[in-house]
Amino acid sequence: MEQKKKREDNTYYQQQHWISISAPTFTHLQLDGLGNEKMKLEGELRNMQGLVEDFKNKYKDEIIKRASVENEFVLLKKDVDAAYMNKVELEAKVDALQDEINFLRAVYETELRELQSQIKDTSVIVEMDNSRNLDMDSIVAEVRAQYEDIANRSRAEAESWYKQKFEEMQSSAGQYGEDLRSTKSEIAELTRMIARLQNEIDAVKGQRANLEAQIAEAEERGELAVKDAKLRIKDLEEALQRAKQDMARQVREYQELMNVKLALDIEIATYRKLLEGEESRLSSGGASATIHVQQTSGGLSSGFSGSGAGFGYGGGYGGASGYGGGSGYGGSSISKTSVTSVSSKRY
Numbered sequence: 001m002e003q004k005k006k007r008e009d010n011t012y013y014q015q016q017h018w019i020s021i022s023a024p025t026f027t028h029l030q031l032d033g034l035g036n037e038k039m040k041l042e043g044e045l046r047n048m049q050g051l052v053e054d055f056k057n058k059y060k061d062e063i064i065k066r067a068s069v070e071n072e073f074v075l076l077k078k079d080v081d082a083a084y085m086n087k088v089e090l091e092a093k094v095d096a097l098q099d100e101i102n103f104l105r106a107v108y109e110t111e112l113r114e115l116q117s118q119i120k121d122t123s124v125i126v127e128m129d130n131s132r133n134l135d136m137d138s139i140v141a142e143v144r145a146q147y148e149d150i151a152n153r154s155r156a157e158a159e160s161w162y163k164q165k166f167e168e169m170q171s172s173a174g175q176y177g178e179d180l181r182s183t184k185s186e187i188a189e190l191t192r193m194i195a196r197l198q199n200e201i202d203a204v205k206g207q208r209a210n211l212e213a214q215i216a217e218a219e220e221r222g223e224l225a226v227k228d229a230k231l232r233i234k235d236l237e238e239a240l241q242r243a244k245q246d247m248a249r250q251v252r253e254y255q256e257l258m259n260v261k262l263a264l265d266i267e268i269a270t271y272r273k274l275l276e277g278e279e280s281r282l283s284s285g286g287a288s289a290t291i292h293v294q295q296t297s298g299g300l301s302s303g304f305s306g307s308g309a310g311f312g313y314g315g316g317y318g319g320a321s322g323y324g325g326g327s328g329y330g331g332s333s334i335s336k337t338s339v340t341s342v343s344s345k346r347y
């Protein structure tokens, strides 16, 4: 019976010892897991914030590029406008010179026709004097030669003058035409450059729109991640608080169990001394004795009665002992009761 009692006590002590060891370990494991989860969420939050900063920097760079391209476009537009005005002025000058050339050509042709008609219609009236013997043929030929010489010189001078004027006008027209062609080529080049810059501006605007959408999406994801992280941190803090409360409760239970263990150890030592003293007393004379042992969750009480004497002891959170009464009481809050009776007779 005593061996069975010892085995039960050993099993009970081992269970309480395992509880006292495993409870803090389990709580520490929970705390470590919650701490690791919190660090992981903080790392994800920092990564998301870094991504948002990168998108903001890219957006600022694109805005600067766009402003530079727009300024360049404005400058080129001014150059194109100036070139277009120059082109209009040159075209007006060319038209004026062309009109002047046409007018001078018409005047030259008109004067030339008038001179030719004057030379053609010139006639010589000669009065014939039969009284004299004149060589009219030679006189007419001489006059005709003089007029023809005058007409040829006039025609040559007019042709030379008009030819010189025409060459000067052609030279001026060629120069203006060359300037006009150069201006047209410059305008074409500027037009192509404007088209290219416009395409680049459209591409930059598209990139800007994409970056703005990505930034908005990243900010939304970041806000959601921050909210989720805050919620998870709040849950972790609540779980940590609950774990701390559980740990405190387990520590209190452990302390109570240790108090119970200490009381039981004291009771066991007391019983051992009482039993040894009773056995020594009984060995000296014949007597009969009965030992009653009652164990509760809050304490342990026992009683001993014999033919000539009686004593009792009670232990637990509070206890009392007496000798000579035959009964004893101690402890409270009975949850489990076991009674062991030991009878001893000696003759």
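Position 43, counted from 1, in the sequence shown is what full-length UniProt numbering calls 43; the numbers after and before it change by one each time, with no gaps. All residues carry an ideal CB built from backbone N, CA and C; glycine is no exception.
Environment of residue i [buried if 16+ CB atoms lie within 10 Å]
i	result
residue 407	Limits of the chain in this structure are 1 at one end and 347 at the other, which puts residue 407 out of reach.
Leu211	buried
Glu267	buried
Ser343	Reliability of the predicted coordinates at Ser343 is poor, the pLDDT of 39 falling under 50, and the value obtained from them is presented with this limitation in mind. It is exposed - the Cβ of Ser343 has fewer than 16 other Cβ atoms within 10 Å.
Ala263	buried
Leu231	exposed
Leu75	exposed
Ala213	exposed
Ala289	Residue placement at Ala289 is poorly supported in this model, since its pLDDT is 46, which falls under 50; the coordinates still yield a value, given next. Under this definition Ala289 is a buried residue.
Ala156	exposed
Leu41	buried
Ala243	buried
Gly312	Because the pLDDT of Gly312 is 45, which lies under 50, any placement of that residue in the model is unreliable, and the number read from its coordinates should be weighed accordingly. The residue in question, Gly312, is buried, as its Cβ has 16 or more Cβ neighbours within 10 Å.
Residue nearest to residue i in terms of C-alpha spacing, selected from the options
i	options	result
Asp228	Ala195, Met48 and Val94	Met48
Val204	Ala67, Lys40 and Asp265	Ala67
Lys38	Ser280, Ala141, Ala188 and Leu236	Leu236
Ile187	Gly50, Asn86, Leu282 and Val260	Asn86
residue 354	Gly33, Ala216 and Glu109	Since the first residue of the chain shown is 1 and the last is 347, residue 354 is not available in this structure.
Ser64	Ile201, Val251, Ala145 and Ser182	Checking the sequence, you will find Ile at residue 64 rather than Ser. Ranking the options by Cα distance to Ile64, first place goes to Ile201.
Glu217	Glu91, Val52, Ser283 and Glu72	Val52
Ala92	Leu115, Glu256, Arg252 and Tyr176	Tyr176
Phe73	Ser154, Ile139 and Gln198	Gln198
Ile150	Arg249, Ser284, Gln116 and Asn36	Gln116
Asn152	Gln170, Ser171 and Leu112	Leu112
residue 354	Val94, Gly35 and Gln146	Only positions 1 to 347 of the chain appear in the structure, and residue 354 is not among them; the question remains open.
Ser185	Tyr84, Gln255, Glu148 and Asp32	Tyr84
Ser154	Glu114, Ile139, Asn71 and Gln255	Glu114
Gly50	Ile233, Ser284 and Ile215	Ile215
8 Å CB neighbourhood of residue i in its chain, flanking five on each side removed
i	result
Lys165	Leu104
Arg221	Met48
Gln245	none
Leu34	Leu236, Ala239, Leu240 and Ala243
Gln207	Glu62
Val69	Leu197, Glu200, Ile201 and Val204
Cβ-based neighbour list, residue i, same chain, cut-off 6 Å, excluding 5 preceding and 5 following
i	result
Ala173	Leu97
Asn130	Since pLDDT at Asn130 reaches only 48, below the 50 mark, its modelled position is unreliable, and no value is offered.
Val107	none
Within-7 Å CB hit, residue i to chain B
i	result
Ala156	In the structure shown, chain B does not exist; there is a single protein chain.
Proximal residues to residue i (C-beta, below 7 Å), its chain only, five neighbours per side dropped
i	result
Val90	Sequence check: residue 90 is Leu here, not Val. Result list for Leu90: Tyr176, Asp179, Leu180 and Thr183, in chain order.
Glu159	none
Residue i beta carbon near the ligand ADP (any heavy atom closer than 6 Å)
i	result
Lys40	For the ligand ADP, the structure offers nothing, since it holds no ligand at all.
Check whether the segment 31 to 46 touches the segment 216 to 233, taking contact to mean three or more Cβ pairs, one atom from each stretch, closer than 8 Å.
Taking 8 Å as the limit for Cβ pairs, the verdict is that the segment 216 to 233 does touch the segment 31 to 46.
Three CB pairs or more closer than 8 Å across the segment 79 to 88 and the segment 186 to 196
With the rule of 3 Cβ pairs closer than 8 Å, the segment 79 to 88 counts as touching the segment 186 to 196.
How about the segment 268 to 276 and the segment 59 to 75: do they share at least three Cβ pairs that are nearer than 8 Å?
Taking 8 Å as the limit for Cβ pairs, the verdict is that the segment 59 to 75 does not touch the segment 268 to 276.
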